[in-house]
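Peer 1:
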Amino acid sequence: MHFLHVVQLYHPVASGAARYFAEVGERLVREGHRVTVLATDAYDLEFFWDARKRRIEVLEQTHNGVQIVRLPVWRLPGPPIAYPILRRLMVELARLPGSTALLRRMAMLTPRLPGLPRALAAVRFDLIHATNITLDFAVVPVFEHARRTSTPFICTPFVHIGSPGDDSLLRYYAMRHQVDLLARSQRVITMTGLEADALAQRGVPRTIMRRIGVGVTPAEVLGGDGARFRAEQQIAGPLVLYIGALAYDKGAIPAVQAMQRLWAQGSDATLALIGAPLDQFTHFHARLPAADQARIRVLPYAPEQAKRDALAAADVFTMPSRTDTFGIVYLEAWCYGLPVVGARAGGVPDVIDDGEDGLLVPFGDAEATAAAIGRLLRDRDLAHRLGAAGQAKLLRQFTWDRIYAQVRAVYSELVPLEL
239 MHFLHVVQLY HPVASGAARY FAEVGERLVR EGHRVTVLAT DAYDLEFFWD ARKRRIEVLE
299 QTHNGVQIVR LPVWRLPGPP IAYPILRRLM VELARLPGST ALLRRMAMLT PRLPGLPRAL
359 AAVRFDLIHA TNITLDFAVV PVFEHARRTS TPFICTPFVH IGSPGDDSLL RYYAMRHQVD
419 LLARSQRVIT MTGLEADALA QRGVPRTIMR RIGVGVTPAE VLGGDGARFR AEQQIAGPLV
479 LYIGALAYDK GAIPAVQAMQ RLWAQGSDAT LALIGAPLDQ FTHFHARLPA ADQARIRVLP
539 YAPEQAKRDA LAAADVFTMP SRTDTFGIVY LEAWCYGLPV VGARAGGVPD VIDDGEDGLL
599 VPFGDAEATA AAIGRLLRDR DLAHRLGAAG QAKLLRQFTW DRIYAQVRAV YSELVPLEL
C-alpha cells in the first residue's frame, strides 16, 4: 500500500502533529508499506503568514524510510497581519447559513501551495490521511482530490476546543466548511472524547469518529541527565519546567506570571522554558524585570537530549495551555514520574485526572496556577503520588505500541493492510 500523509509542519519541526505522523508513517514503512508525506517548507508556524520566519531549504528527502516532499508556501502580497484578519473575517462569515462554499474558497486565498496539484497527480495513493483542520489551505484541496479519485480519506483535525463556556477559539476550527469536510471524510481520528463531543455537536457523525490519542515510547524519552542540565543552567534550587511553543495560548506567559507570584512570596524556584518563541512572547520576556529574567531559563529550539536532561532535572512540569488537543508533553513528564499542572481547557481534562495524576487550573489564571505549582513544590509526597499515577497511566494507555495499533486498525477499516 502507498499512503499519503499531509502534514503542514513536519520533520525536523517538533510539533505534536509531526511527531504523531512520523511515528505512524515510520511504523507503516517497517511493515513494508510506502509512505509519502506532503509537507510545506515552513519551519516556524508563523512562516505561513510571515516570510521573515524560518523555512526549510531541502524540498525532498527520505527520513527513516518516509519520503518527504515539501511544497513552497506562497502568500498574497501584504503585511503579516492580513492573514489573521482574513481568518477572523471567515469566522464571522461562518455564522451565516449558506456560507460553506464561500468559506472554502477563502481558505485557499492565502497561504497557498502552488505545487500541490502536481504532487497529488504524480502518484496514485491507496489512502490519504491529513491533519490540522485550521490549516485548511492544505486540507481542502487534498480532500477534494480524494473525492475526485475515490481515495479513502482520513482526517486527524487536532481541534482546539478552548476553555469551558468559551467557543472563541473553537470557532477557528469548526467553521462551516471545516465541519462539512470532516463530516464527509471516511474517518475522523480524535484525540479525546471532549474533541469528539465538540465535533458531534456541530454535525460530524459519531459513526465515523475514532478516539485514539497519542503516545510515547518511554525508552526514547528516558535517559536524561538532570545534574548536567542543572550545572549547565546554573540551577541550585527547585526547578519548574515548561515545554511547548512559547506563546500565551500555550500557557507560557501564564506560567511566567504564576512564577512571578511565587517569587513575590519568597520561592527560590527557577523556571525553564523550552520551545519556539512567538513574537508575542519575545516582547513579553523583554519587558520583564531583570530580577525575574534572572530566574528564567529560555531554551528555544533545544535538542532532544537537552529536553530529556531538563525533564530529569525538574521538580514540577507545567504547560497550562488552552490550545492542546491532547498534550504529548504531559506523557513525557510522566515518563520521569513528574507531577504535572495543566489547564482545564482543550482536551487536557481527558488526559489529566485532576487530583489523581496531576492538577488542573483555569486557563490564564495566574493565581490558581501559582497555587498549584507552589503546592507541589511544598508537598513532595503529593508530587510523588501524582507523578507515579501518571507514569502508571501512560504505561497502561499511552505507549506508541498501543496507539499505533489503534491507528492501524482505522486504516484497516478502509484498505487491506496485509501484504
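In our numbering, the protein residues as written are 239 to 657.
Virtual Cβ for every residue (Gly too), placed ideally from N, Cα, C.
Bear in mind that the values here come from a model prediction, so they are computed numbers and not experimental data.
With C-beta atoms as the reference, is D617 less than 7 Å away from G584?
Peer 2: no
Peer 1: Do the region 587-606 and the region 422-436 meet, that is, are 3 or more Cβ pairs less than 8 Å apart?
Peer 2: Touching, per the Cβ criterion.
Peer 1: Between F519, L327 and A532, which has its C-alpha nearest R409's C-alpha?
Peer 2: L327
Peer 1: Where does F241 sit, in a helix, a strand or coil, going by DSSP?
Peer 2: Residue state, collapsed to three classes: strand.
Peer 1: Relative to the ligand FAD, is the shortest distance from any of its heavy atoms to the C-beta of W287 smaller than 6 Å?
Peer 2: In the structure on display, the ligand FAD does not appear, and there are no ligands present to speak of.
Peer 1: Using a Cβ-Cβ distance cut-off of 7 Å, determine whether L358 contacts chain B.
Peer 2: Absent from the structure is chain B; it holds one protein chain and no more.
Peer 1: Who are P527's beta bridge partners in DSSP?
Peer 2: Answer by DSSP bridge pairing: none, since P527 is not bridged.
Peer 1: CB R499 to CB A571, shorter than 7 Å?
Peer 2: no
Peer 1: Nearest to L516 by CA position, among V536, A465 and T300, is which residue?
Peer 2: V536
Peer 1: Can the beta-carbon of I366 be found closer than 7 Å to that of L266?
Peer 2: no
Peer 1: Please confirm if the region 271-290 is in contact with the region 402-418, defined as three or more CB-CB distances below 8 Å between the two stretches.
Peer 2: no
Peer 1: Can you tell me whether Q635 is buried or exposed? The criterion is at least 16 other CB atoms within 10 Å of its CB, across all chains shown.
Peer 2: exposed
Peer 1: Do R582 and P600 have their beta-carbon atoms positioned less than 7 Å apart in this structure?
Peer 2: Taking a C-beta distance under 7 Å as the contact criterion, P600 and R582 qualify as a contact pair.
Peer 1: Using beta-carbon positions only, say whether L354 and P379 come within less than 7 Å of one another.
Peer 2: yes
Peer 1: On a CA-only basis, which of D619, R386 and V397 is nearest T372? Give me that one, please.
Peer 2: V397
Peer 1: So, V307 versus E298, is the Cβ gap smaller than 7 Å?
Peer 2: yes
Peer 1: Residue ranges of each alpha helix (DSSP H) run of no fewer than 4 residues wholly in the region 273-341, ordered along the chain?
Peer 2: Taking only runs of at least 4 residues, the alpha helix (DSSP H) segments lying wholly in the region 273-341 are 320-331.
Peer 1: Would you report the Cα separation of Q543 and G462, rounded to the nearest angstrom?
Peer 2: 7 Å
Peer 1: Spell out the partners DSSP gives D592 in its beta bridges.
Peer 2: For D592, which the question treats as bridged, DSSP gives the partners G596.
Peer 1: I'd like the list of long-range same chain contacts for Q305, defined as Cβ closer than 6 Å, with 5 residues on each side in sequence excluded.
Peer 2: Taken in chain order, the residues that qualify are T274.
Peer 1: Return helix, strand or coil for V494, following the three-state DSSP convention.
Peer 2: helix
Peer 1: With a threshold of 8 Å, are at least 3 pairs of Cβ atoms found where one atom belongs to the region 479-491 and the other to the region 504-513?
Peer 2: yes
Peer 1: In chain order, what residues of the same chain lie with their CB nearer than 8 Å to the CB of M344, ignoring the 5 residues before and after it?
Peer 2: So the qualifying residues of the chain are L324, L327, M328 and L331.
Peer 1: By how many angstroms is the C-alpha of H622 removed from the C-alpha of R448?
Peer 2: When rounded, the distance between both Cα atoms is 33 Å.
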